[in-house]
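**Student:**
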Amino acid sequence: MRDQPEQQAPPVQRLRIRYAKRGRLRFTSHRDFSRAFERAVFRARVPMAYSSGFNPHPRISYAGAAPTGSASEAEYLEIGLAQVVDPADIHAELAEALPTGLDVLEVVESPGGSLADRLEASRWRLDIEAMPEESAAAVATFLATESVLVERMMKKGLREFDCRAAVVSLSSSPREQGSSLDLVLRHGVPSVRPDDVLRGLAAVAGLEAGAAPLLTRLAQGPLQDDGNVGDPLAAST
Numbered sequence: 046m047r048d049q050p051e052q053q054a055p056p057v058q059r060l061r062i063r064y065a066k067r068g069r070l071r072f073t074s075h076r077d078f079s080r081a082f083e084r085a086v087f088r089a090r091v092p093m094a095y096s097s098g099f100n101p102h103p104r105i106s107y108a109g110a111a112p113t114g115s116a117s118e119a120e121y122l123e124i125g126l127a128q129v130v131d132p133a134d135i136h137a138e139l140a141e142a143l144p145t146g147l148d149v150l151e152v153v154e155s156p157g158g159s160l161a162d163r164l165e166a167s168r169w170r171l172d173i174e175a176m177p178e179e180s181a182a183a184v185a186t187f188l189a190t191e192s193v194l195v196e197r198m199m200k201k202g203l204r205e206f207d208c209r210a211a212v213v214s215l216s217s218s219p220r221e222q223g224s225s226l227d228l229v230l231r232h233g234v235p236s237v238r239p240d241d242v243l244r245g246l247a248a249v250a251g252l253e254a255g256a257a258p259l260l261t262r263l264a265q266g267p268l269q270d271d272g273n274v275g276d277p278l279a280a281s282t
């Protein structure tokens, strides 16, 4: 019989971290980022708390990761620590240890509760090649449509779902070459992604986004009554 593994002490402090994926680093998968982050906390000598069991892992909880290939200014995770530290020190140490393009933006002490439960919606900017007039007309058609079915390959195979139901708001504005879509998506199951909405726009209005639209998450957090996305690191009211 194997000896019982040593039980690790629970964390004495939890920190919540907002970070960005920028430039070419937006192609970093969630698995690749988690490996890079674990290496960074090791190099920075962050006093991590560890899980119990035969294969202890640093206590890192990821929440609401953006799809691979999407840029983001609002990715979140929480770490559990074995010592009480100054969040500003951890911010500086992680910023030094992570590669440019995976950028720590904010580190705060956790007030408790579930971080994932505060990530109810996301705001996105979709930079596409379609001209402003075409984009505006497609947006109007999409919003006037009650249900927009799209397909996406998932773990259990090809699945059809309604991408319209998750759209809180959608608008179009011109940019130097093409147009930008401002999109607020409510999180749910299945999770509707910005590329699903682009497929929906193509389906109902023939909108051509171009070969490589740039999708950037601008905010992620609680969905407010006015349809905006709040700050999940702010104190709850």
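Counting from 46, one number per residue, gives the positions in the sequence shown under the working numbering. Glycine included, every Cβ here is placed at the ideal spot set by N, Cα and C. Quick caveat, the model's predicted, so the values are computed rather than measured.
Check the DSSP bridge columns for Gln265 and list the partner residues they point to.
**Tutor:** According to DSSP, Gln265 bridges with Ser167.
**Student:** Taking the continuous beta strand (DSSP E) assigned at Phe206, which residues delimit it?
**Tutor:** Where Phe206 is concerned, the enclosing beta strand (DSSP E) stretches over Gly202 to Asp207.
**Student:** Quick check on Asp271: does DSSP put it in helix, strand or coil?
**Tutor:** Coil, per DSSP.
**Student:** Should Ala280 be labelled buried (16 or more other beta-carbon atoms within 10 Å of its own) or exposed?
**Tutor:** Exposed: under 16 other Cβ atoms inside 10 Å.
**Student:** Please state if the CB of Ser117 and the CB of Ala65 are separated by a distance shorter than 8 Å.
**Tutor:** Against a cut-off of 8 Å, the Cβ pair of Ser117 and Ala65 comes out as a contact.
**Student:** Considering only C-alpha positions, which residue in the set Thr145, Arg204 and Ala183 is nearest to Arg67?
**Tutor:** The candidate whose alpha carbon is nearest that of Arg67 is Thr145.
**Student:** So Val242 is in the alpha helix (DSSP H); what residue range does that whole segment cover?
**Tutor:** From DSSP, the alpha helix (DSSP H) with Val242 extends over Pro239 to Ala250.
**Student:** Near Ser214, which residues of its chain fall below 8 Å by C-beta distance, leaving aside the five closest residues on each side in sequence?
**Tutor:** Only Asp227, Leu228, Val229 and Gly272 meet the Cβ criterion.
**Student:** What residues match up with Arg63 in a beta bridge as DSSP calls it?
**Tutor:** Paired residue(s): Tyr121 and Glu151.
**Student:** Under a three-way DSSP split, which group does Ala184 fall into?
**Tutor:** According to the sequence displayed, residue 184 carries Val and not Ala. If DSSP states are grouped into helix, strand and coil, Val184 belongs with the helices.
**Student:** Rounded to the nearest angstrom, what separates Pro101 and Val91 at their Cα positions?
**Tutor:** Using only the alpha carbons, I get a separation of about 16 Å.
**Student:** Which residues does DSSP list as the beta-bridge partners of Ile105?
**Tutor:** Ile124, per the DSSP bridge assignment.
**Student:** Where DSSP assigns a beta bridge to Leu228, which residues make up the other side?
**Tutor:** In the DSSP output, where bridge partners are listed per residue, Leu228 has Trp169 and Leu215.
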